Amino acid sequence: MRVADFNFELPDNLIARYPLQNRTASRLLVLDGPSGKIDHKHFTDLLSYLNTGDLMVFNNTKVIAARLFGQKETGGKVEVLIERLLDTYKVLAHVKASKAPKEETVIVFNEQIQATMLARHGSLFELVFNQPVLEILEQIGHVPLPPYIDRSDELADKQRYQTVYAKNEGAVAAPTAGLHFDEALLAAIKEKGIDTAFVTLHVGAGTFQPVRVETIEDHHMHKEWLEVSAQVVKVIKDCKKRGGRVIAVGTTSVRSLETAALEGELKPFSGDTDIFLYPGKPFHVVDALVTNFHLPESTLLMLVSAFAGYDAVMEAYKVAVAEQYRFFSYGDAMFITRNPKA
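Residue numbers (the working numbering): 8 to 349.
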């Protein structure tokens, strides 16, 4: 398939640049993959689509304040976006500057904080800081809002660009489907007899990179670190045995579970993934999906199309635009059941 097949017209005013006041106040477009039927609901109506015995799988990664502003010792301005924590002091990062920094270049953030460029790895730079990285980010880091939210981060983003169950630090982008859940909704889900489990996938900035090839089969995904524990594998297998559905909250949860089942059987997994799910690729674990609306021509739109069927998804996006749904990270959500014939 061509990348252009996943394009759609999106008016600028439908891009959500701020979250709604309440996490659960978003709208919910419900898409039945097998039939293509579409319903328009509120996010709290999700409860009525969940059955006792189902299992919901969340990504508990925690967004770090990964954007830093500094300057070279020569005075040139530098913007650093951390992609991955390597250890207490070292990171891989995207660096914006008038000229790419050379080895041994020192970037100064303030009188006490600086970093030295050690090596270049493709488009990423290996930097070593003079203080523990997470402590630095706590002091001077900015929330790494996606490029389509074309405003500076604000104090409220520290809380709202983070799920209420975020635990393991390391993401530079939020697993945005999870932003719709608050403690009350999670409690209601539990009360209905629906199990929950948590995987970790540290979302990288590469999730926003455009696909620069013409045919999707030629695209190579960026790598992200994930973990699916033995306990998660067990609860999923128990769910399948009792006839329950595995419902992934977010495409990162899908990618985590399907990576752990790449050989056809779900097994514990810890390490990097570059799994790319597009129409024609099989799904071994996930039966239903909660997700936001994704960018035109993005790998995430391709994943959703693989899950529910290309025609059904593209029609749903057309309807969502017509119905004025809010798009992307701070936008509205979808609940999608998988089309096994997609």
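Cβ atoms here follow ideal geometry from the backbone N, Cα and C, with glycine treated the same way. Treat the numbers as computed from the prediction; the structure is a model and nothing was measured.
- Message: Suppose the cutoff is 6 Å on Cβ atoms and the five residues either side in sequence are ignored; what does the same chain contact list for V320 look like?
- Response: V311 and S312.
- Report the option in Q146, L27 and V64 whose CA atom is closest to the CA atom of T298. Minimum Cα distance to T298 is reached at V64.
- Item | alpha helix (DSSP H) runs contained entirely in the region 299 to 332, provided each spans 4 or more residues | Complete alpha helix (DSSP H) runs here, min 4: 306 to 315 and 317 to 329.
- Query: Would a C-beta distance cut-off of 9 Å place Y155 and F335 closer than the cut-off?
  - Reply: Closer than 9 Å, so yes.
- Message: Let me check one thing: in DSSP terms, what residues is H229 bridge-paired to?
- Response: Under DSSP, H229 shares a beta bridge with no residue.
- Task: Evaluate the contact criterion for the region 85 to 93 versus the region 104 to 120: three or more CB pairs, one atom per stretch, below 8 Å.
- Result: Between the region 85 to 93 and the region 104 to 120, the count of C-beta pairs closer than 8 Å reaches three or more; the two stretches touch.
- With a Cβ-Cβ cutoff of 9 Å, do V235 and P286 count as a contact? Going by C-beta atoms, V235 is not nearer than 9 Å to P286.
- Task: Just the C-alpha distance for N117 and T68, rounded to the nearest angstrom, thanks.
- Result: Straight-line Cα distance between these residues: approximately 29 Å.
- Query: Bridge partners of D46, per DSSP?
  - Reply: Paired residues: V37.
- Task: Could you tell me if A178 is buried or exposed, where buried requires 16 or more neighbouring beta carbons within 10 angstroms of its beta carbon?
- Result: A178 sits buried, since 16 or more C-beta atoms from the chains shown fall within 10 Å of its C-beta.
- Message: Is it buried or exposed, T81, if we count other Cβ atoms within 10 angstroms and call 16 or more buried?
- Response: It is exposed - the Cβ of T81 has fewer than 16 other Cβ atoms within 10 Å.
- Query: Are the beta-carbon atoms of S260 and P182 separated by less than 9 Å?
  - Reply: In contact: S260 and P182 (Cβ atoms closer than 9 Å).
- Query: Are the beta-carbon atoms of L38 and M341 separated by less than 9 Å?
  - Reply: In this structure, L38 lies near M341, with their beta-carbon atoms less than 9 Å apart.
- Message: Only counting the same chain, and skipping five residues up and downstream in sequence, which positions put a Cβ closer than 7 Å to that of L92?
- Response: Cβ within range, chain order: V98, V140 and G177.
- Which ranges does the alpha helix (DSSP H) cover as unbroken runs of at least 4 residues, wholly within the region 250 to 295, from first to last along the chain? Qualifying alpha helix (DSSP H) stretches, in chain order: 258 to 267.
- Query: Taking all protein chains shown into account, do 16 or more other C-beta atoms lie within 10 angstroms of the C-beta of E224, making it buried, or fewer, making it exposed?
  - Reply: Around the beta carbon of E224, a 10 Å sphere encloses fewer than 16 other beta carbons of the protein chains shown; the residue is thus reported as exposed.
- Message: Quick check on D189: does DSSP put it in helix, strand or coil?
- Response: Coil at D189, not helix or strand.
- Using DSSP bridges, identify the partner residues of G77. According to DSSP, which records beta bridges pairwise, G77 is partnered with V85.
- Query: By Cβ distance below 8 Å, which residues in the same chain neighbour G377 in space, the five residues on each side in sequence not counted?
  - Reply: Residue 377 is absent from the model: the chain starts at 8 and stops at 349.
- Message: Could you compute how far the alpha carbon of K197 sits from the alpha carbon of L54?
- Response: Straight-line spacing of the CA atoms in K197 and L54 works out to 10 Å.
- Message: To the nearest angstrom, how far is the alpha carbon of T214 from that of H229?
- Response: Roughly 8 Å separates the two Cα atoms.
- Message: Checking 9 Å against the spacing of the C-beta atoms, do T31 and T51 come in under that value?
- Response: T31 is a Cβ neighbour of T51, given a cutoff of 9 Å.
- Top-ranked residue by Cα proximity to D94, from E133, G77 and N14: Ranking the options by Cα distance to D94, first place goes to E133.
- Query: How would you label R34, buried or exposed, when you count the other beta carbons within 10 angstroms and need 16 or more for buried?
  - Reply: Per the 10 Å Cβ criterion, buried.
- Query: Can you tell me the Cα-Cα spacing of M8 and N137, whole angstroms?
  - Reply: Each residue's alpha carbon lies about 48 Å from the other.
- Identify which residue in P303, I143 and F314 has its Cα closest to the Cα of L17. If we check each option's Cα against that of L17, P303 comes out closest.
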